[in-house]
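Heads up: the structure comes next, in structure tokens.
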Amino acid sequence: GLPADMDQILAIAHKHGALVVEDAAHAILATYKGRLTGSIGDIGSFSFQASKQMSLGDGGMATTNDSDLARKLDLHAGAPTFHSIAYGLHYNYRMNELTAAVGLAQLDRLPDFIEGLRKNARHYDESISRCKWLKPQRADYGISSYHFWAATFDGERHGISLAKFRDAIDKACPFVSVGYTQMPAYRHPVIKERLAHIFHCGKIKATYPDGLCPTAEWVIPRMVLIYTLKTEEKAKNEALKLRQFIEDLDCGRI
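Be aware that the sequence shown starts at 2, since it is given in the numbering used here, and climbs by one per residue.
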């Protein structure tokens, strides 16, 4: 739910003449330097899949302030008239009226709902406040909407191996996940083996070796995640269990 450093991303993209599609699937109502996510890039994309902060069962939404991009996006969702002229082949991403009505009703409740997720996240923050080897996700420039509460495991510096931590927390705190997707996108076969296009893979003969993004390769398996979509009472109980787990591990009881 925490935005990336959009100023740096936009500077790099515009230097090379590229557009920025801002992925806000986990970050609806999060802010970057006071601006809402999805309103900063050339296109903002949101997800309404079942596990997201705002759910319509599935699907999503794209937003833009660029009239030309808006017209192109609309070609994938707008219903053409019988007299319209086709200038290309497009997918059908139209949202039905019933789903849209549910979405509009949820928008009114969304600020209170996101505040509930932030309140749950504060309980998890408090539970690790004395822990030296779990570092909660922070950025001075943004405010998270907490699709997940996230921290980074840095236990190796304190004599705790990642393998031991994963095994112990799986047993003591099953509501905690360690590692998000387990690897960077370029390590998946669809990218590494260039399987995205069956008959060709574009004009650029790129390769994606291990070590391409060493920081990401280090962080991803050490990400500690807790899903925040639950009652506050449940979040409090989980925070107590997490605090006890940390104390037990630090004292050698695990």
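Glycine included, every Cβ here is placed at the ideal spot set by N, Cα and C.
Find out if the Cβ-Cβ distance for the pair residue i, residue j is shorter than 8 Å.
| i | j | result |
| --- | --- | --- |
| Leu105 | Ile161 | no |
| His148 | Gly58 | no |
| Phe258 | Leu163 | A query on residue 258 cannot be resolved here, the shown segment of the chain reaching from 2 to 255 and no further. |
| Asp113 | Leu70 | no |
| Trp150 | Ile227 | yes |
| Cys174 | Lys242 | yes |
| Phe49 | Ile170 | no |
| Gly60 | Met96 | yes |
For residue i, collect the residues of the same chain with a Cβ closer than 7 Å to its Cβ; drop the 5 residues on either side in sequence, then sort them by chain order.
| i | result |
| --- | --- |
| Ser146 | Gly2, Ala28, Ile29, Leu30, Ala31, Gln54, Ile115, Leu118 |
| Ala25 | Thr38, Gly39, Gly45, Ser46, Phe47 |
| Glu168 | A quick correction: the sequence has Asp, not Glu, at residue 168. Closer than 7 Å at the Cβ level, and outside the excluded window around Asp168, lies no residue. |
| Ile144 | Ala31, Thr32 |
| Ala152 | Ile129, Leu135, Lys136, Pro137, Gln138, Val225 |
| Thr182 | Ile221 |
| Gly180 | Ile221, Pro222, Met224 |
Note down, in chain order, each residue of its chain lying with its Cβ closer than 8 Å to the Cβ of residue i, except the 5 sequence neighbours on either side.
| i | result |
| --- | --- |
| Ala240 | His124, Tyr125, Glu127, Ser128 |
| Asp211 | Arg188, Glu218 |
| Val103 | Leu57 |
| Glu157 | Leu163 |
| Ala63 | Ile44, Gly45, Ser46, Phe47, Leu74 |
With a 10 Å radius around its C-beta and 16 neighbouring C-beta atoms as the bar for buried, classify residue i as buried or exposed.
| i | result |
| --- | --- |
| Trp134 | buried |
| Thr216 | exposed |
| Arg223 | buried |
| Thr229 | buried |
| Asn121 | buried |
| Thr65 | buried |
| Ile262 | Absent from the model: residue 262. The displayed extent of the chain is 2 to 255, so no value can be given. |
| Ile13 | exposed |
| Pro4 | buried |
| Ala236 | buried |
| Glu23 | buried |
Do residue i and the ligand PLP come close, with the Cβ less than 7 Å from some heavy atom?
| i | result |
| --- | --- |
| Ala152 | In the structure on display, the ligand PLP does not appear, and there are no ligands present to speak of. |
Does DSSP classify residue i as helix, strand or coil?
| i | result |
| --- | --- |
| Phe149 | strand |
| Ala164 | helix |
| Glu194 | coil |
| Gly156 | helix |
| Tyr92 | coil |
| Ile44 | strand |
| Met55 | coil |
| Gln183 | coil |
| Leu20 | coil |
| Tyr125 | helix |
| Arg36 | strand |
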